[in-house]
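Last residue of the sequence shown: 87 (my numbering), numbering continuous.
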Amino acid sequence: MGFSVWQLLIVLLIVVLLFGTKKLKNIGGDLGGALKNFKDAVKDEKGSENNADAQPEAVEKQDAEFTETSDAKEESPVERK
C-alpha cells in the first residue's frame, strides 16, 4: 500500500496552500541551518577527542587573589522595604 505520485502532489499542494511558499522557505532554511550547525558540532567534537588523546594539554593552576575589607557592609539577600 504505497503512495502514488498523484497523492503526494495533492498533499504537497494542500501544504503549500495552508502555509504559503514564503513560510515553507523560511522553515526549510531554518531546518537546513540547524542540521549544518549540528554536523559542524559533531565534527568539532570528534576532532577535539582525537586531539585530546594525542596530546594532553598542560594546565597551570594559579592562586586566586582575594582581598578582605573590614569596612564591608553586609547586605541581606532579600531587601525589605
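The beta-carbon is built from N, C-alpha and C at its ideal position, and this holds for glycine as well.
Please read these numbers as outputs of a predicted model, since none were measured by experiment.
Under 9 angstroms between the Cβ atoms of residue i and residue j?
i, j, result
"Phe25", "Ile33", "yes"
"Val21", "Leu30", "yes"
Tell me which same chain residues have a C-beta within less than 7 angstroms of the C-beta of residue i, skipping the five on either side of it?
i, result
"Ala47", "none"
"Gly38", "none"
Output the boundary residues of the alpha helix (DSSP H) element that contains residue i.
i, result
"Phe25", "11-25"
Can you list, in chain order, the residues of its chain with a C-beta nearer than 6 angstroms to that of residue i? Leave out the 5 residues immediately preceding and following it.
i, result
"Ser54", "none"
"Leu14", "none"
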